[in-house]
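The structure under discussion appears below in the form of structure tokens.
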Amino acid sequence: MNTILVIEDELANRKLLVAYLQRSGYTVDSVENANAALAYLGTNRPAMMLLDIRLPGMNGLDFTRRVRNEPDLADIPIVAVTAKGNPGDEQSILDAGCDGYIMKPINFSLLQSYLQRYLS
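Each residue of the sequence shown is one higher than the one before, starting from 226 at the first, in this note's numbering.
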């Protein structure tokens with residue numbers, strides 16, 4: 226099953242992503258912070274994660290590094306969906322272990338290309 230985990234603290238953004246993904250035929254779970262995502266990953270294994278970088282508590286970069294250090298989770302694709310758009314942000318996100326990067330507002334055709342790449 227192609228379950229996607231959305232990790233996003235802003236309710237409007239979370240609802241937008243979940244609705245789009247469900248309309249596209251995916252099963253979607255969502256959480257509002259990295260700690261909740263780690264708890265989710267303790268009992269679930271999504272096919273892919275869409276991750277905000279600016280999260281309360283543990284940020285998305287630290288979350289990604291942590292996931293990449295867990296052998297059972299390290300191969301799950303993580304695509305950052307973030308408003309971080311300063312020079313160097315994309316490279317630091319990829320260096321942390323994310324497999325892709327989408328700037329907000331969300332470019333849905335770019336999102337679709339990541340979905341096809343990682344879930345086909």
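Built from N, CA and C at the ideal position, the CB exists for glycine as well.
Q: Pull up the CB-CB distance for Leu276 and Val304, whole angstroms please, since I reckon it's below 8 Å.
A: Sequence index remark: in the sequence shown, residue 276 carries index 51 (1-based). Sequence index remark: in the sequence shown, residue 304 carries index 79 (1-based). Yes, they are in contact, since the Cβ atoms of Leu276 and Val304 sit about 7 Å apart, within 8 Å.
Q.
Taking the straight line between their C-alpha atoms, what separation do you get for Arg239 and Asn311?
A. Locating residue 239 in the sequence shown gives position 14, counting from the first residue. Locating residue 311 in the sequence shown gives position 86, counting from the first residue. C-alpha separation (whole angstroms): 23 Å.
Q) For the beta strand (DSSP E) that contains Leu275, what are its first and last residues? A) Residue mapping note: residue 275 aligns to position 50 of the sequence shown, counting from 1. Annotation: the continuous beta strand (DSSP E) that includes Leu275 extends over 273-276.
Q.
Distance check for Asp314 and Ser338, CA to CA, integer angstroms please.
A. On the sequence shown, position 113 is the one that residue 338 refers to. On the sequence shown, position 89 is the one that residue 314 refers to. Rounded to the nearest angstrom, the two C-alpha atoms are 21 Å apart.
Q) How about Tyr326 and Leu336: are their beta carbons less than 8 Å apart? A) Counting from 1 along the sequence shown, the entry for residue 326 is found at position 101. Counting from 1 along the sequence shown, the entry for residue 336 is found at position 111. No, the Cβ-Cβ distance between Tyr326 and Leu336 is not below 8 Å.
Q. Is it buried or exposed for Leu280, if we count other Cβ within 10 angstroms and need 16 for buried?
A. For this step, residue 280 is matched to residue 55 along the sequence shown. Leu280 should be labelled buried.
Q. Using the beta-carbon count (16 or more within 10 Å), is Ala244 buried or exposed?
A. Counting from 1 along the sequence shown, the entry for residue 244 is found at position 19. By the 16-neighbour rule on beta-carbons within 10 angstroms, Ala244 is exposed.
Q: From the DSSP output, read off the bridge partner residues of Gly325.
A: Numbered from its first residue, the sequence shown carries residue 325 at position 100. Paired residues: Val304.
Q. Just checking my contact of Gly322 with Thr289 at CB under 8 Å: how many whole Å lie between their CB atoms?
A. Here the question's residue 322 lines up with position 97 in the sequence shown. Here the question's residue 289 lines up with position 64 in the sequence shown. Indeed, because the Cβ distance is near 5 Å, the residues count as touching under 8 Å.
Q | Distance between beta carbons of Val253 and Asp229, contact taken as under 8 Å | A | The residue labelled residue 229 in the question sits at position 4 within the sequence shown. The residue labelled residue 253 in the question sits at position 28 within the sequence shown. Note that residue 229 is Ile in the sequence shown here, rather than Asp. About 5 Å separates the Cβ atoms of Ile229 and Val253, confirming a contact at the 8 Å cut-off.
Q | Counterpart residues of Gln297 in DSSP-defined beta bridges | A | Looking up residue 297 in the sequence shown gives position 72. One detail in the question is off: residue 297 reads as Asp in this sequence, not Gln. For Asp297, which the question treats as bridged, DSSP gives no partner whatsoever.
**Q.** Three-state secondary structure assigned by DSSP to Leu241
**A.** Here residue 241 refers to the residue found at position 16 of the sequence shown. Helix.
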